[in-house]
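Position 101, counted from 1, in the sequence shown is what this note's numbering calls 101; the numbers after and before it change by one each time, with no gaps.
Below is one structure; the comments refer to it alone.
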Amino acid sequence: TSGSTLSFGDVPVTNRYYVDATRTDTYTQNGSQARPFKTIAATQAAIATAISGGLNPEVEPIYIILLSNISENVTLTTSHVYLIGQNGQIHQPIILTGNIIVQPTSGTLNSNHFSITGMEIVGGTNGKAIYVTGTSPLRLSLQDVWITANGNSGAGLYQDNSGTGTYTHGGPLKVSH
């Protein structure tokens, strides 16, 4: 009909959001692989909108898939939102330069699940590459992750979450300073 728009191959899957920081072309970002967001923050804003519209990450986990290296600090607060590098292996990882804070705002050990997979995380100078904090218990899975601390007082993985039962597990995992 007149004024209708047809879209093929660029409609985002409701639980998969793509990020490509290297894209310089002009397009309307929707999180699809064809029209990815350019920052993780933009992706998280879209996820918040989807959740307020009824998407339940505990029923249908949400994946943020990095298609390129990126420099950005990230805070993961929403349970069942998983951060994944497209290559998915330590030997050719997507590199995230910045710090990741994992801090659920509420919930239980059974509801607070987080995962970081297939990337190298290069922490900011004297920062915490991965910082697990807060008072709500959580489970963090690190799979195929290379963590690089940076600076004299930098930390690769720093965990001070006080939630009872909080744990971090993973493998293969490579830590360097």
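For every residue, glycine included, the Cβ atom is placed at its ideal position computed from N, Cα and C.
Indicate whether Ile116 and Leu157 have their beta-carbon atoms separated by less than 8 Å.
Translated into positions along the sequence shown, residue 116 becomes position 116. Translated into positions along the sequence shown, residue 157 becomes position 157. No, these two residues do not count as a Cβ contact at 8 Å.
What residue does the beta strand (DSSP E) around Gln143 start on, and which one ends it?
Numbered from its first residue, the sequence shown carries residue 143 at position 143. Looking at the DSSP string, the run of the beta strand (DSSP E) that includes Gln143 is 139-148.
Do Gly107 and Ser79 count as a contact pair if the criterion is CB distance below 8 Å?
As a first step, residue 79 must be located in the sequence shown, where it is residue number 79. As a first step, residue 107 must be located in the sequence shown, where it is residue number 107. Their beta carbons are under 8 Å apart, which means Ser79 touches Gly107 by this criterion.
Buried or exposed: Asp144, going by 16 or more other Cβ atoms within 10 Å of its Cβ?
Position 144 of the sequence shown holds residue 144. It counts as buried.
Identified DSSP bridge partners for Ala155
Counting from one through the sequence shown, the residue named residue 155 turns up at place 155. For Ala155, which the question treats as bridged, DSSP gives the partners Lys128.
Would you say Gly85 and Gly124 are within 8 Å of each other, going by their C-beta atoms?
Counting from 1 along the sequence shown, the entry for residue 85 is found at position 85. Counting from 1 along the sequence shown, the entry for residue 124 is found at position 124. Taking 8 Å as the Cβ cut-off, Gly85 and Gly124 do not qualify as a contacting pair.
Out of Ile62, Gln92, Ser32, which has the shortest C-alpha to C-alpha gap to Tyr82?
On the sequence shown, residue 82 is found 82 positions in, with the first residue counted as 1. It is Ile62 whose Cα lies nearest to the Cα of Tyr82.
Unbroken alpha helix (DSSP H) run spanning Thr43, endpoints
Here residue 43 is taken as the residue at index 43 of the sequence shown, counted from 1. Per DSSP, Thr43 belongs to the alpha helix (DSSP H) from 40-52.
Whole angstroms are fine: how far does the CA of Leu140 sit from the CA of Thr1?
For this step, residue 1 is matched to residue 1 along the sequence shown. For this step, residue 140 is matched to residue 140 along the sequence shown. Confidence is the limiting factor: at Thr1 the pLDDT is only 47, short of 50, which leaves the residue's position unreliable, though a coordinate-based value still follows. Distance from the CA atom of Thr1 to the CA atom of Leu140, rounded to whole angstroms, is 49 Å.
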